[in-house]
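In the working numbering, the protein residues as written are 1 to 1142.
For every residue, glycine included, the Cβ atom is placed at its ideal position computed from N, Cα and C.
See structure below.
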């Protein structure tokens, strides 16, 4: 496959590199200092690149009429680096060491932009020591432990420096950073490339100073010519990456130059009276400066191209060759005006003969990117004509990955050059018009690719199948879809017959399967061609039946045919659904027609042999009554009723056919079944669905001016259905329980106060969930969403995915109710508790909920987060206190603190209220039977939020801490930890705070059970009296530790907060609205597995009240939240996360 050395350079594109040229307009390099106030540029000095730049002083590269080996020795006459006045490296300023830069590049975790900026600041203080740091960094990247000293830089030439470094290099070990393997190599290489890119990006102002980059390229050019692989590889990679940055700079300068020239022509085209002479002079000076900059950049790039790339693109090390070719592709695509010419792209053609597949693959991929651009096609014509033969031979490359890319490249070449010109010839008698079709590939050349559809490698076969499909489609002249499919099938039949491989139809179908859209799945078209008289001969009928059966097999069973190499992996959910759907289509189509086909071709054994294989891929369950036969006579009525209700629900989901009679019939059925506990799952779910759809349609179709009786009647129906769903939440049947929860979330949103806020006539048409319903829904999340599923026996991975998605939908529905104000924000503590524990499954939903609540009411949201931590801490005190429990709570607090973002100015007020609530909780007065100050250790957890505070807020909170903390507690460790988080690590505590009291460790205590009256009294007495802020928020019951009480809950469904009805605000701005005693009774949420009728209610007196916050009115919610839900048609299916998380 490879060429000899004589053939390698035998092309007419010139084996020398003298035709590489960057087109730049030449101009005299003179300054016009008087035209602007900028200081004049200092005179240029010739630095050590003089030996390599003297041949590239013009923007056109020219090479001598000598071989590249002779040129290599001639171009390496090194001059010493520039000598300037001596200056100490560490002249009182903090120095940037090469080791620091190397460690940052190697780690892959550092911000390299910051590293480059730090070095640049150091370079500005002294360019000699800055350059020395950069040189030693490059030496360290080469794996050399030697150091280039200031004396070596001043007194030695580049060749001498490199010779000294070569002696210091440990040549016994061939290991250097770029020779590593695995993730360490990827991390170092990407870091080094990014560092080079950042260096050019940040040092654009130093590109034209004739010192930094000339000196750097001079050393890199010398290292790239070294016989030591470590020096040669590392320096080449850095140099070509730096050149890529320079190419971007050239493109930017060119665009700027075009803009300035356009402005100059626009100004010059004005009349003399309208012309601004000063502006013309400024523009003319800018053009001159940009041309000078472009010329200087071109000279630097030409020297690098000739001095490094031309010698290293055929280096003996494959990694160097691949890197050079990769960057050449970057240069061509970044600056096509300068590099998309025969002098550059010829290297891509030459390296198609490389003996390593990595290099060949890199060349082909670059060519594919070039042929994708329509504007590049004209410039690639010469390349295509010269190297098309080599590319065609590469379809048989021993590396299948290369062969696949080559086939795709040939398809692009064929499509790009298909129609070349359209010629019109005029004769005296008539006008003859014809189109010259100049195809990129001839038919005999395409035949080399056609045969690959039968190869054993599936990737290569599919690529060839795409090529074949494109060619066959180009032969179709019909515009009708049915005619297109019929014509395509007939063309495919002809190809299959001409191929001579009549027994290999399954391989042809498998190769075409990923490329075809619908032709091979058009069973109707195939059977029509067979059953009707369409003029097919016997051979064509044989081929069509074979291809049809092979297509049926491929649709029903996606496994590739025997002998075809493929990656063994199971089908995903989408593929399984597609397979089932295909089986059903095949069954429905061929069951009535298969007998006709067998009757027509019964005399032909070969055709019958293929046709009898079709039933193997039928879905026979479609026509079986197994489901009906499994049910006994006793369940016959339930089955019929369930099927009827399912049909009705399917109709009602699309059109409003529901009536009140259907609703009440289903409600009676549900009540009877729930009371008798004779629950048929299908029947109950269908009845719930019909009732929910009726209520949805009733809300959507309610009159614009309904009567009070109509409003009350509909509201009563919604209330009764919610009670039924509440009972279903505690059932053992998972399907009934899940459907009830979904319907509850939908209806509570549709009948929420926000849904009717824009319609005054419907102000009373809402249903506020009762306290017991909110408790049941939160308990549902605890029992069936946040529960551990590791112990559940799932059939396969698909079942696990479905279960996780169902839980995510249910959690998102509950969070949406919280965000839209249907359920109080404080109830979200039961969700926020699991932000860390269930982060992998639900972290994105919980985080989005927190962020939405911050937009609605940032202060209340922050205090809710504090309440969440308080509840977890209180739960911990009722159990065995361990360091593990405290660390888990601290970790959760740390993650919750990160949700406040980086805008500390906006987050300062919510954070202050959060800390004040936490301080009050820590120093609340002990209740009867409790240890003294049991919550002081909570301050250590609260300190996790301190890093988000502003300094003035820390000072304010420090004073607040002093006012709340008794003097006897100042020496406790928890107080000291929190104090340090406010004052900073450098602050010194008082002498009395140095002593650590053992009382800071919380003690285990048992939960005290009281009656409801005593519980309310104790909680009322536990409130703290603050001198500045008063009031409190309702405290939800601990859902994870509380035990279930008998269903005795005060009826508060008719008591509505004024802020929920008459105002758009969602913030609570008065003590009454924060009060929990008058409007919201305690909610008892618990796991049902622990609930008994004799359990007692736990005391929640450990929880402090939230104090009233004097906050400004926020926008209640987004436009989406305020939109009227009545304009949305009823949904029959619960959305995954609704529009909330879109």
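Rounded to the nearest angstrom, the gap between the Cα atoms of residue 546 and residue 807 is 47 Å.
Scanning its chain for C-beta atoms nearer than 8 Å, with the 5 sequence neighbours on each side dropped, one finds around residue 256 the residues 290, in chain order. Here residue 820 is not near residue 715, since their CB atoms are 9 Å or more apart. The way I'd put it, the segment 507–527 does touch the segment 453–471; three or more beta-carbon pairs between them come closer than 8 Å.
Unbroken alpha helix (DSSP H) runs of no fewer than 4 residues, entirely contained in the segment 833–906, are found at 839–856, 858–877 and 883–898, following chain order. In the structure shown, residue 273 falls within a coil segment according to DSSP collapsed to helix, strand and coil. For residue 701, no alpha helix (DSSP H) run applies, since DSSP gives it neither H nor E. Contact check between the segment 200–211 and the segment 141–161: fewer than three CB pairs, one atom from each, fall below 8 Å, which does not count as touching.
For residue 677, there is no enclosing alpha helix (DSSP H), as DSSP marks it with neither H nor E. About 7 Å separates the beta carbon of residue 122 from that of residue 133, a gap short enough to meet the 8 Å contact definition. DSSP, reduced to helix, strand and coil, places residue 524 within a helical segment of the structure shown. DSSP links residue 119 through a beta bridge to no other residue.
Distance check between residue 452 and each of 177, 524, 355 and 404 places 404 closest, using alpha-carbon atoms only. Pairwise C-beta distances place the segment 929–942 in contact with the segment 969–978, as three or more of them are shorter than 8 Å. Following the DSSP letters along the chain, one finds residue 232 inside the alpha helix (DSSP H) bounded by residues 229–268. Counted as a single uninterrupted DSSP element, the alpha helix (DSSP H) harbouring residue 214 occupies residues 212–224. Burial of residue 900 is indicated by the presence of at least 16 other C-beta atoms within 10 angstroms of its C-beta. Taking C-alpha positions only, residue 445 is separated from residue 368 by approximately 19 Å. Nearest C-alpha to residue 211 among 181, 275, 296 and 862: 296.
Across the set 905, 662, 651 and 646, the C-alpha of 646 shows the shortest separation from the C-alpha of residue 681. Three or more Cβ pairs closer than 8 Å define a contact, and the segment 916–923 meets that threshold against the segment 961–969. Per DSSP, reduced to three states, the secondary structure at residue 931 is coil, with no helix or strand assignment. Three or more Cβ pairs drawn from the segment 208–224 and the segment 132–151 lie within less than 8 Å of each other, which places the two stretches in contact. A Cβ-Cβ separation of about 31 Å leaves residue 334 out of contact with residue 267 under the 8 Å criterion. Nearest in C-alpha terms to residue 264, of all of 272, 254, 286 and 252, is 286. Secondary structure of residue 532 (DSSP, three-state): coil. Counting C-beta atoms within 10 angstroms of its own C-beta, residue 905 has fewer than 16 neighbours from the protein chains shown and is therefore classed as exposed. Spatial neighbours of residue 345 in its own chain (CB-CB distance under 6 Å, excluding positions within 5 residues in sequence) are listed in chain order as 383.
When DSSP assignments are scanned along the segment 322–376, no uninterrupted stretch of beta strand (DSSP E) that is 3 or more residues long falls wholly within it. A residue is called buried once 16 or more other Cβ atoms fall within 10 Å of its Cβ, and residue 563, having fewer, is exposed. With a beta-carbon spacing of about 18 Å, residue 488 and residue 443 fall beyond the 8 Å limit used to define contacts. Using a Cβ distance threshold of 9 Å, residue 471 and residue 414 count as a contacting pair. By the neighbour-count definition (other C-beta atoms within 10 Å, threshold 16), residue 98 is a buried residue. Straight-line measurement puts the Cα of residue 958 at about 54 Å from the Cα of residue 176.
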